[in-house]
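Heads up, the sequence shown is in the working numbering, so the first residue is 18 and it goes up one at a time. Beta carbons are placed, not taken as given, at the ideal position from N, Cα and C, and that holds for glycine.
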Amino acid sequence: MADDASKLEFLANFDTMFDSSTHSDLAIVVDNHTFKAHKVILGIRTQFFTSATNPENGFSEAKDGVVTIKEHGIPAVWCFLKYCYTGTYLGGPKNIGLGNEDLSLLHPHVYALADMLDIPKLKALATKQLQTELDDNWMTGNFPAVVAEVFDITASRDKEIREVVVMAAKKHLAELLPLEHFGEVMDKCGEFSAGLVRIMQETSTPVVKQRPTTCRHCCNELHCYQCGEYIN
């Protein structure tokens, strides 16, 4: 039986197969770029491509081993493939456009692709990466676009990634409120606004009205008119 070191070495070799034509039996076309992939490796993460290229009941245009993805961009697909081969997707080549996309927008796009491919662990990773990006590299001016994108490409059931955006808005609300674009996003994204109001209510400190113990007219101590006890 293989020891842990041998297993890790074996898994590390997956990385060398990423986007490699060696033994490739699947091509994924996105815009003007073609990724070389291996169905057996992708099949560990998702059954989408196995089903799509099935000779009997797969996509008619994909039975030759070529799958075209039109709904998602090159950076998100690159991240998905990198995750399949390595378990993460940090870092990426700039020659396919990955370096030109704001990471706070990239992570929601990865989430949406993972949702389409039914990969819960990649959705969780994208959510975590978005939170880290907003915590470590906060940019007030870009945030309204992030809100609009997250609430546009996700559904009401995607509570975790939406909550990340709402909590970030609460944390930086004083900076965001003066922005005209942020106001426009709040008007258009009713679910975001409702979530923000809810979070503000849940985390606000209730105001306790102090009961007076002396009369505001004569300054004498107040007492109960029924039992005569002084109020303290």
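Classify residue i: buried if its beta carbon has 16 or more other beta carbons within 10 angstroms, exposed otherwise.
i	result
residue 40	exposed
residue 157	exposed
residue 99	buried
residue 214	exposed
residue 92	buried
residue 193	buried
residue 140	buried
residue 212	buried
residue 190	exposed
residue 130	buried
residue 59	buried
Whose C-alpha, out of the options, is nearest the C-alpha of residue i?
i	options	result
residue 66	44, 50 and 51	44
residue 198	163, 104 and 54	163
residue 34	57, 201, 84 and 81	57
residue 104	202, 120, 137 and 171	137
residue 181	146, 84, 47 and 59	146
residue 96	42, 128 and 135	128
residue 135	217, 59 and 63	63
residue 179	200, 190 and 148	148
residue 169	107, 122 and 218	122
My assumption, with CB atoms under 8 Å, is that residue i sits in contact with residue j. Please give the rounded CB distance.
i	j	result
residue 88	residue 124	Contact flag wrong, Cβ pair sits at about 17 Å.
residue 206	residue 165	7 Å
residue 37	residue 53	6 Å
residue 183	residue 216	6 Å
What's the C-alpha gap between residue i and residue j?
i	j	result
residue 55	residue 126	23 Å
residue 83	residue 61	19 Å
residue 187	residue 155	13 Å
residue 132	residue 172	10 Å
residue 71	residue 185	43 Å
residue 159	residue 209	16 Å
residue 259	residue 42	It is not possible to answer for residue 259, since the shown part of the chain is limited to 18 through 249.
residue 47	residue 161	27 Å
residue 101	residue 176	24 Å
residue 32	residue 51	18 Å
Just checking: is the beta-carbon of residue i within a distance shorter than 7 Å of some beta-carbon in chain C?
i	result
residue 161	Absent here is chain C; the protein component of the structure consists of one chain.
*Mind pulling the alpha helix (DSSP H) runs of 4 or more residues that sit fully within the segment 171–222?*
176–188, 190–193, 197–205 and 207–220
_For a minimum of 3 consecutive residues, which ranges assigned as the beta strand (DSSP E) are wholly contained in the segment 43–75?_
43–47 and 50–54
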